[in-house]
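**Student:** Protein chains in written order, with the numbering used here: chain A, 62 to 476; chain B, 62 to 476. I am attaching a structure below and will ask some questions about it afterwards.
There are 2 protein chains.
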Amino acid sequence: MGRLSCEVVAVGTELLLGQIVDTNSSWIGEQLALAGIDSYYQTKVGDNPTRIKKVLEQALNRSDVVIVCGGLGPTQDDLTRDVIAEVMGVDLVTDDDLVERISAIFGGRNRPMPSNNLRQAQVPRGAEVLSTMPGTAPGLKAVIQGKTLYAVPGVPWEMKQMVNEDILPDVRKQAGITAIIQSKTIRTWGESESGLAERLAGEIERLDREGGATIAFLASGIEGLKVRITVKGDSESEVASILDTEAAVIASILGDELIFSYDDQTLEEVILDLCRKQGLTLGLAESLTGGLIGSRITSIPGSSDVFNGSIVAYSGRSKKNILGVPEVPTVSKEAVEAMAEGACRVLNSDVSVAVTGEAGPNSLEEEVGRVWMATSVGGVVESSSVKWPFDRERIRQFTTITVLNALRLRLLRAP
Amino acid sequence: MGRLSCEVVAVGTELLLGQIVDTNSSWIGEQLALAGIDSYYQTKVGDNPTRIKKVLEQALNRSDVVIVCGGLGPTQDDLTRDVIAEVMGVDLVTDDDLVERISAIFGGRNRPMPSNNLRQAQVPRGAEVLSTMPGTAPGLKAVIQGKTLYAVPGVPWEMKQMVNEDILPDVRKQAGITAIIQSKTIRTWGESESGLAERLAGEIERLDREGGATIAFLASGIEGLKVRITVKGDSESEVASILDTEAAVIASILGDELIFSYDDQTLEEVILDLCRKQGLTLGLAESLTGGLIGSRITSIPGSSDVFNGSIVAYSGRSKKNILGVPEVPTVSKEAVEAMAEGACRVLNSDVSVAVTGEAGPNSLEEEVGRVWMATSVGGVVESSSVKWPFDRERIRQFTTITVLNALRLRLLRAP
């Protein structure tokens with residue numbers, strides 16, 4: 062048997078009309094790739110039974126496994142159940158177990174169950190109900206002429222739980238994939254994608270030759286540039302060990318100047334952790350970012366034990382009155398260093414970052430894209446300047462990640 | 062002839078792997094709907110010539126018009142041109158005009174043209190080059206067995222310009238749509254989707270009966286709830302007049318308390334405009350939003366002539382020291398009103414907004430979701446409280462739009 066292929070069908074007229082962007086299929090595609098399952102097509106189709114049927118039949122014809130997403134809700138527009146029954150050539154039967162589970166969910170919420178929710182307890186005869194059921198919409202599995210069709214609701218968190226817990230393990234079993242696949246993401250800032258590829262060229266060549274792991278790059282804007290290592294193996298412990306070894310090799314090549322974190326940890330979390338460990342509080346002085354840096358820091362739960370606040374001094378007068386910036390050009394080394402000092406003083410903070418610059422589109426004093434950034438650690442202020450070749454929003458975002466990374470490096474080196 | 066149908070095919074392995082979410086198809090779908098063109102399917106396919114060919118042939122079989130998006134770049138992975146030639150049964154020929162245009166673009170940028178950019182000058186024999194060409198990738202039009210196939214690059218701004226300027230007018234002509242279609246979006250805050258539907262029920266019924274316009278709702282989170290009016294008619298002036306009349310009817314029902322703007326104008330822009338007209342400067346005092354309100358205000362170019370800054374006072378000490386908040390609970394009427402007064406005073410601002418609350422997930426002093434908001438206009442502070450049933454990020458976002466709308470209402474009523 063060759064490699065198993067799986068395709069995704071997303072059902073919903075609102076997807077075709079562009080009212081909702083279909084991020085479900087993208088997410089499932091990523092999980093399939095990671096699980097080692099080939100995926101060649103993804104289709105969106107509206108809430109029309111004839112067209113849904115055509116699309117499902119074609120998908121079952123050209124792929125081994127089909128995941129259909131959406132159209133499992135309680136309304137008359139939710140047609141996926143009915144169409145699957147038609148494709149299978151069977152009728153819908155009420156599943157008593159499901160009636161109970163759905164009633165219990167509504168009972169648990171202390172409100173009467175709308176009668177059309179019972180539509181969700183109907184199952185094509187011969188189809189299985191997936192055991193994972195986080196909401197009121199059951200997922201389904203049907204085997205049709207040797208191919209497998211899964212149906213999941215369009216609600217992202219319900220869909221993701223079913224795919225992770227029921228569908229992916231099942232598909233990997235069908236694919237005869239006993240191999241364990243794991244990946245680790247190394248998150249970097251300060252080097253371009255081609256620069257990273259150049260630094261890692263020797264290691265990538267070695268892996269191409271000897272196997273063991275594969276490496277991919279992914280540019281993610283304000284989230285940094287990601288290096289993803291993927292390892293296949295026969296046992297959990299073997300894979301984890303190869304993955305750790307490979308991550309260590311790459312870490313030794315790139316160094317902690319470029320690498321700020323692993324997997325889902327953000328740069329903001331890293332900085333909060335570094336401050337917390339060293340018992341330091343953080344203050345900001347923002348001009349062109351307008352509060353963006355503070356907004357990102359405070360998006361992390363628990364940031365309040367480190368973060369004291371931010372002085373968003375947008376006007377020259379605020380810079381002078383609140384932060385004590387002297388009579389110097391707004392976008393200058395002197396201004397940004399005074400801002401960093403002012404942030405520590407005014408916000409009673411041990412460390413700070415400060416930014417001032419010209420985000421455009423029209424320049425007031427300085428050329429558009431010119432930004433000064435400063436950090437203050439242990440009472441010592443360091444500053445640097447950059448000229449971004451970007452638009453307003455990217456100038457603000459790249460400034461944010463760059464200055465936060467500068468602070469990270471100083472905290473890392475702090476005694 | 063029945064109604065014309067058009068489908069979209071997006072080409073790119075990165076779309077299937079979930080590395081990029083396919084927002085192009087969603088955007089095209091929305092434009093087609095608005096232009097009165099039916100759209101039943103959207104397909105994603107990887108960079109594989111056999112599978113691209115199958116998908117294009119099927120699309121041409123079941124729809125009247127096909128727009129294929131992506132795969133027109135200069136690299137060997139860009140296969141759309143080659144596959145279209147194959148579907149047409151012709152060879153690729155070099156278009157001398159295109160060679161000149163592409164060379165001119167590179168000449169204009171003062172750098173040598175990579176030779177593989179000449180791949181982009183190759184056109185399937187018999188296909189037309191679209192006249193709109195904002196980048197180096199030309200768009201194509203081919204008539205295949207009575208059906209029309211358009212090819213556009215995957216770069217969003219290049220794609221959008223070609224679709225708007227060349228493809229939509231052309232498709233509408235083919236569809237025999239001489240009717241003009243225009244829409245207007247009314248942006249609201251302060252009422253749920255079902256609440257809006259209830260308020261507008263009488264008008265929607267009247268329109269269902271008498272025609273003239275259609276109305277649709279679209280929930281857009283921090284961007285508010287949108288009411289879209291769409292009108293078809295025979296002439297620009299007739300349509301514009303019906304649209305204006307209908308917008309006025311809906312505006313009179315909903316009132317300017319709920320309606321904050323029209324079409325693409327954001328709430329932040331409205332507030333900056335109101336302040337600018339009245340010669341007022343704006344300051345903020347933010348706690349749970351951590352800089353989010355300032356970040357959104359300053360994302361608007363030119364905000365610096367109104368916006369003085371924001372005091373992000375996250376710690377109790379910052380609230381006290383900088384803003385002069387007395388010894389009261391952090392999440393309270395007294396605290397938020399002192400913050401609003403402090404923002405005006407410290408930032409030398411005429412008007413201000415202030416927010417303090419518990420964004421969770423763990424509560425410190427108050428129940429999670431409890432938020433106090435205040436506005437100061439003309440030296441008079443008004444405040445109110447709400448308990449959001451949301452997660453951390455939505456609590457921060459709903460707080461932002463709610464307090465900005467409260468400020469808008471006060472500026473609107475100001476003498």
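Where is the CB? At the ideal position from N, CA and C, for every residue including glycine.
Going along chain B in order, which residues have a C-beta closer than 7 Å to the C-beta of N178 (chain A)?
**Tutor:** The premise fails here: N178 (chain A) is roughly 18 Å from chain B at the closest Cβ pair, so nothing lies under 7 Å.
**Student:** Could you tell me which residues DSSP pairs with A280 (chain A) in its beta bridges?
**Tutor:** A:L286
**Student:** Can you pull the chain B residues whose beta carbon is under 8 Å from the beta carbon of G282 (chain A), in chain order?
**Tutor:** G282 (chain A) does not reach chain B, its nearest Cβ partner there being about 12 Å away, counting only Cβ pairs nearer than 8 Å.
**Student:** Assuming G196 (chain A) contacts P214 (chain A) (C-beta within less than 8 Å), just tell me the rounded distance between them.
**Tutor:** 7 Å
**Student:** Considering just the uninterrupted stretch of the beta strand (DSSP E) at S302 (chain A), what are its terminal residues?
**Tutor:** No beta strand (DSSP E) contains S302 (chain A), which is instead part of the alpha helix (DSSP H) from E297 to L319.
**Student:** Please identify the residue among B:G90, B:L77 and B:F368 whose C-alpha is closest to the C-alpha of V82 (chain A).
**Tutor:** Taking only the C-alpha atoms, the option nearest V82 (chain A) is B:G90.
**Student:** Does the beta carbon of K381 (chain A) come closer than 8 Å to any beta carbon on chain E?
**Tutor:** Within the model displayed, chain E is absent; protein chains A and B are what it includes.
**Student:** What does a CB cutoff of less than 6 Å around E219 (chain A) pick up in its chain, not counting 5 residues either side in sequence?
**Tutor:** P195 and G196
**Student:** Using the rule of at least 16 other Cβ atoms within 10 Å of the residue's Cβ for burial, across every protein chain shown, is K380 (chain A) buried or exposed?
**Tutor:** buried
**Student:** Starting from F368 (chain B), find everything on chain A with Cβ-Cβ shorter than 7 Å and list it in chain order.
**Tutor:** Y375
**Student:** What three-state label does DSSP hand I242 (chain A) in the structure shown?
**Tutor:** strand
**Student:** Using the rule of at least 16 other Cβ atoms within 10 Å of the residue's Cβ for burial, across every protein chain shown, is Q181 (chain B) buried or exposed?
**Tutor:** Q181 (chain B) is buried by the Cβ-count criterion.
**Student:** Using 8 Å as the Cβ pair cut-off and three pairs as the minimum, do the stretch 399-418 of chain A and the stretch 341-351 of chain A touch?
**Tutor:** yes
**Student:** Hey, how far is the Cα of T463 (chain B) from the Cα of K208 (chain B)?
**Tutor:** 50 Å
**Student:** If we cut at 8 Å on Cβ distances, does P362 (chain A) have a partner in chain B?
**Tutor:** yes
**Student:** Run through chain A and tell me which residues come within less than 8 Å of K287 (chain B), C-beta to C-beta.
**Tutor:** None at all; the shortest Cβ gap to chain A is about 10 Å.
**Student:** I'd like the list of long-range same chain contacts for T275 (chain A), defined as Cβ closer than 6 Å, with 5 residues on each side in sequence excluded.
**Tutor:** T291
**Student:** Closer than 8 Å, CB to CB, is P217 (chain A) near chain B or not?
**Tutor:** no
**Student:** Quick check: is the beta carbon of R453 (chain A) nearer than 8 Å to any beta carbon in chain B?
**Tutor:** It does; some Cβ of chain B falls within 8 Å.
**Student:** I need the boundaries of the beta strand (DSSP E) containing L353 (chain B), first residue and last residue.
**Tutor:** Not the beta strand (DSSP E): L353 (chain B) falls in the alpha helix (DSSP H), residues L353 to I358.
**Student:** Which residues does DSSP pair with V441 (chain A) in a beta bridge?
**Tutor:** In the DSSP assignment, the residues bridged to V441 (chain A) are A:V438.
**Student:** Between which two residues does the beta strand (DSSP E) holding F459 (chain A) run?
**Tutor:** Not the beta strand (DSSP E): F459 (chain A) falls in the alpha helix (DSSP H), residues R453 to R474.
**Student:** Please confirm whether L78 (chain B) has its beta-carbon closer than 8 Å to some beta-carbon of chain A.
**Tutor:** yes
**Student:** Can you check whether the C-beta of L140 (chain A) is within less than 8 Å of a C-beta belonging to chain B?
**Tutor:** no
**Student:** Spatial neighbours of V106 (chain A) within its chain, please: CB distance less than 7 Å, with the 5 preceding and 5 following residues excluded, ordered by chain position.
**Tutor:** V70, V72, R112, I113 and V116
**Student:** Using a Cβ-Cβ cut-off of 6 Å (strictly less than) and excluding sequence neighbours within five positions of L408 (chain A), which residues of its own chain qualify?
**Tutor:** G344, N369 and G370
**Student:** Would you please state the rounded distance, in angstroms, between the beta carbons of A301 (chain A) and Q243 (chain A)? I believe it to be under 8 Å.
**Tutor:** About 7 Å separates the two Cβ atoms, so the contact holds.
**Student:** What residue from B:S444, B:V438, B:R406 and B:G403 has the CA that sits closest to G418 (chain B)'s CA?
**Tutor:** B:S444
**Student:** If we define contact as Cβ-Cβ less than 8 Å, is P422 (chain A) a contact residue for chain B?
**Tutor:** Yes, its Cβ sits closer than 8 Å to a Cβ of chain B.
**Student:** Is it true that the CB of Q235 (chain A) sits closer than 8 Å to the CB of L65 (chain A)?
**Tutor:** yes
**Student:** Should I456 (chain A) and G421 (chain A) be called a contact, given that it needs their Cβ atoms to be closer than 8 Å?
**Tutor:** yes
**Student:** Is the distance from the Cβ of A120 (chain A) to the Cβ of E189 (chain A) below 8 Å?
**Tutor:** no
**Student:** Quick one: is E402 (chain A) buried, meaning 16 or more other Cβ sit within 10 Å of its Cβ, or exposed?
**Tutor:** buried
**Student:** Judging by CA-CA distance, which residue of B:N382, B:P217, B:W88 and B:Y101 is the nearest neighbour of G132 (chain B)?
**Tutor:** With distances taken between Cα atoms, G132 (chain B) lies closest to B:P217.
**Student:** Under 6 Å Cβ to Cβ from E75 (chain A), same chain only, skipping five residues before and after it: list those, please.
**Tutor:** I81
**Student:** CB Q103 (chain A) to CB G282 (chain A), shorter than 8 Å?
**Tutor:** no
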